[in-house]
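Asker:
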Amino acid sequence: MDAPDGGSPVARTGRSRGGSLVASLVGLTVALSGCAGSQGVASTAATGQTPTRPAPAQSTSAQPAPAGSATPPMTPPTLEPAPRPPALPAPNAVIPKDPAGLARSLSDTAERLRSAIGDWTGDGDAATGQPPEPVVLLALHQQRIYRYLARNPQTASRVYTRLPKALAGPAKDDVTAIRKLLSLVHPVSKPAKFRVEEPEPADALLRHFRHAERRFGVEWEVLAAVMFVETKFGRVRSPSHTGAKGPMQFMPGTWAAYGMGGDVHDTRDALLAAANYLRASGAPRDYRRALYAYNHSWAYVDAVLLHARRIKREIDSYYAYYNWQVYVVTTRGERRLTGPSPRDPA
Numbered sequence: 001m002d003a004p005d006g007g008s009p010v011a012r013t014g015r016s017r018g019g020s021l022v023a024s025l026v027g028l029t030v031a032l033s034g035c036a037g038s039q040g041v042a043s044t045a046a047t048g049q050t051p052t053r054p055a056p057a058q059s060t061s062a063q064p065a066p067a068g069s070a071t072p073p074m075t076p077p078t079l080e081p082a083p084r085p086p087a088l089p090a091p092n093a094v095i096p097k098d099p100a101g102l103a104r105s106l107s108d109t110a111e112r113l114r115s116a117i118g119d120w121t122g123d124g125d126a127a128t129g130q131p132p133e134p135v136v137l138l139a140l141h142q143q144r145i146y147r148y149l150a151r152n153p154q155t156a157s158r159v160y161t162r163l164p165k166a167l168a169g170p171a172k173d174d175v176t177a178i179r180k181l182l183s184l185v186h187p188v189s190k191p192a193k194f195r196v197e198e199p200e201p202a203d204a205l206l207r208h209f210r211h212a213e214r215r216f217g218v219e220w221e222v223l224a225a226v227m228f229v230e231t232k233f234g235r236v237r238s239p240s241h242t243g244a245k246g247p248m249q250f251m252p253g254t255w256a257a258y259g260m261g262g263d264v265h266d267t268r269d270a271l272l273a274a275a276n277y278l279r280a281s282g283a284p285r286d287y288r289r290a291l292y293a294y295n296h297s298w299a300y301v302d303a304v305l306l307h308a309r310r311i312k313r314e315i316d317s318y319y320a321y322y323n324w325q326v327y328v329v330t331t332r333g334e335r336r337l338t339g340p341s342p343r344d345p346a
C-alpha cells in the first residue's frame with residue numbers, strides 16, 4: 001500500500017528490527033585499499049614557424065632566378081612531449097606509515113579523486129554505467145589510508161595537523177566513523193561465503209534515496225549512509241547468519257511490518273521500507289533515536305550520522321563512498337571481497 005508523499009509511517013506491527021549487529025555489519029568492515037593504472041593529462045606546448053624573408057618577385061621573363069635567391073626551407077615546429085600523468089596506486093600499494101607521508105598521500109589522493117569524480121559525474125556515466133578506473137582506484141586508496149588511521153589513532157592525530165583545514169575535518173569524520181564501526185566487529189576464524197555483486201549505478205541509487213525522502217520525510221543522506229554501512233550500497237547480497245536480508249538488512253518480522261508488500265531484495269522497495277521504519281521510530285525529529293532502533297548500538301548511530309554529515313556537506317563524498325569496497329575481518333587479517341585485483345591488502 002502506498003501513502004502520499006510525506007505521509008505517515010505504514011506498519012502492521014511495531015516489532016523491532018533486531019538482528020545480529022556483527023552479521024549486519026559485514027558490509028561495513030571496510031579496509032583502505034589502493035589502486036593501479038594511469039590517468040591521462042593533456043598538455044600542449046606553444047608552436048610556431050621559423051620566420052622567413054619574402055621571396056623575390058618572379059620576373060615576367062623566363063630567365064632562371066639568380067643563384068642564392070631561393071626561399072630557404074621551412075623548419076617544422078617543435079612540439080614538447082606531454083608530461084606523463086602520475087600513476088594511480090596499485091590495489092595493494094604500500095601505505096606510508098609516517099605522519100608526513102600519510103598526509104601527503106591523503107592530500108594527493110583527495111585532490112585527484114575529486115577531479116576524477118567531477119569528470120565521471122559530469123559526463124553522465126554515473127547514471128548508467130560503472131565508475132571509471134581512476135575513481136575506483138583512488139577511492140579504494142583513500143579507503144585504505146582511512147582504515148590505517150582508524151587503527152592508529154595517535155598517528156591519525158599527527159596527520160590531521162599536517163592536512164589543509166578543508167581536508168582535516170572530513171578526514172577526521174571518516175576515520176572516526178570507521179573506528180567506531182571496527183569496535184563492533186569481532187574477527188572470525190574462517191570467513192563465510194558471501195554473495196556479492198556490483199551495485200546499481202550511483203545516480204540510479206540517488207533517485208531511489210530521494211524518492212524515499214519525498215515519501216517519508218527522512219533525509220536521503222541518512223538513508224544513503226545506512227545502506228553504505230549495512231551492505232556497501234547493496235554489494236553484499238547474502239543474508240546474515242541471523243536471517244537479515246536485502247540491501248537494507250531487514251529481519252523478516254520487521255519487513256512484514258514495514259515492507260508494504262514489497263520485495264526485501266529490491267533496492268527501491270528496501271529503501272522505502274527503511275524510510276518507513278525510521279519515520280516510525282522518530283525520524284526526522286530524532287535521528288539518533290530512530291537509528292538506534294534500526295541497530296542497537298550508539299557506535300553504529302554515530303558512524304551513520306558522521307557519514308551522512310559528510311554527504312550533506314559535499315555530495316562528492318557520496319560518490320567516493322559508492323566506490324569503497326567490502327572487507328571481512330578474520331583472525332588472519334582482512335580480506336577484500338569486492339573491487340579490483342589483487343584483493344588481498346598489502
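With UniProt numbering as the guide, the letters of the sequence shown map in order to residues 1 to 346. Every residue gets a Cβ at the ideal spot worked out from N, C-alpha and C, and that includes glycine.
1) Mind pulling the alpha helix (DSSP H) runs of 4 or more residues that sit fully within the stretch 158-243?
2) Assuming Met248 contacts Ala224 (C-beta within less than 8 Å), just tell me the rounded distance between them.
3) Applying the 10 Å Cβ sphere with the 16-neighbour rule, what's the burial state of Ala346?
4) Consult DSSP for Ala93 and reduce its assignment to one of helix, strand or coil.
5) What residue range does the alpha helix (DSSP H) around Thr267 cover?
6) Rounded to whole angstroms, how far is the Cβ of Val326 from the Cβ of Lys232, which I believe are closer than 8 Å?
7) Pick out whichever of Leu337, Arg335, Val329 has its Cα sitting closest to the Cα of Ser183.
8) What does the alpha-carbon distance come out to for the pair Thr161 and Glu334?
9) If we define contact as Cβ-Cβ less than 9 Å, is Gly246 a contact residue for chain D?
10) Of the choices His241, Pro132, Tyr322, whose alpha-carbon is the least far from that of Val188?
11) Just how far apart, CA to CA, sit Gly234 and Pro89?
12) Below 8 Å on the Cβ atoms is my guess for Arg288 versus Val301; work out the distance and round it to an integer in Å.
13) Residues in its own chain within less than 6 Å of Tyr321 by CB, not counting five upstream and five downstream?
14) How about the stretch 163-182 and the stretch 201-212: do they share at least three Cβ pairs that are nearer than 8 Å?
15) With 16 as the cutoff for other CB atoms within 10 Å, does Glu213 come out buried or exposed?
16) By the 10 Å Cβ neighbour count, where 16 or more other Cβ atoms means buried, how is Arg332 classified, buried or exposed?
17) State the Cα-Cα distance for the pair Asp123 and Pro132, rounded to the nearest angstrom.
18) Ignore the nearest five residues each way along the sequence and tell me which others in Ala166's own chain have a CB closer than 8 Å to its CB.
19) Rounded to the nearest angstrom, what separates Ala139 and Pro86 at their Cα positions?
20) In chain order, what residues of the same chain have a beta carbon less than 6 Å from the beta carbon of Ser317, not counting five sequence neighbours either side?
21) May I ask which residues mark the beginning and end of the alpha helix (DSSP H) holding Thr254?
22) Is it buried or exposed for Gly261, if we count other Cβ within 10 angstroms and need 16 for buried?
23) Identify whether Glu334 lies in helix, strand or coil by the three-state DSSP scheme.
24) Between the Cα of Asp174 and those of Ala110, Pro83, Ser115, spot the shortest distance and give me the residue it belongs to.
25) Here's the rule I'm using: 16 or more other beta-carbon atoms within 10 Å means buried, otherwise exposed. How should Ser33 be labelled?
26) Judging by CA-CA distance, which residue of Val136, Ala256, Asp266, Val226 is the nearest neighbour of Arg237?
27) Using alpha carbons as the reference points, say which of Asp286, Arg343, Arg104 lies closest to Ala168.
28) Identify the continuous alpha helix (DSSP H) that holds Lys245 and give its terminal residues.
29) With distances taken between CB atoms, is the gap from Val159 to Leu106 smaller than 9 Å?
30) From Tyr146 to Ala171, what distance separates their C-alpha atoms?
31) Quick one: Cα of Pro99 to Cα of Ala156, how far?
32) Are Leu272 and Leu291 closer than 9 Å when you measure CB to CB?
33) Among Trp120, Leu113, Asn92, Gly101, which residue has its Cα nearest to the Cα of Pro201?
34) Among Arg336, Gly101, Trp324, Asp263, which one has its Cα closest to the Cα of Leu163?
35) For Ser341, count neighbouring C-beta atoms within 10 Å of its own C-beta (all shown protein chains included) and say buried if the count is 16 or more, exposed if not.
Answerer: So, to answer that:
1) 165-182, 202-216, 220-231
2) Rounded, the Cβ-Cβ distance is 11 Å, inconsistent with contact.
3) Interpretation of Ala346 is limited by its pLDDT of 41, a score under 50 that renders its predicted location unreliable; no figure is taken from the coordinates.
4) coil
5) 267-280
6) 5 Å
7) Val329
8) 29 Å
9) The structure shown contains no chain D, having only a single protein chain.
10) His241
11) 26 Å
12) 5 Å
13) Phe228
14) no
15) buried
16) exposed
17) 11 Å
18) none
19) 16 Å
20) Arg310, Ile311
21) 252-258
22) exposed
23) strand
24) Ala110
25) Note that Ser33 scores a pLDDT of 35, beneath 50, so its modelled location is shaky and nothing firm can be said.
26) Asp266
27) Arg104
28) Here Lys245 belongs to no alpha helix (DSSP H), and DSSP marks it neither H nor E.
29) yes
30) 7 Å
31) 7 Å
32) no
33) Trp120
34) Gly101
35) exposed
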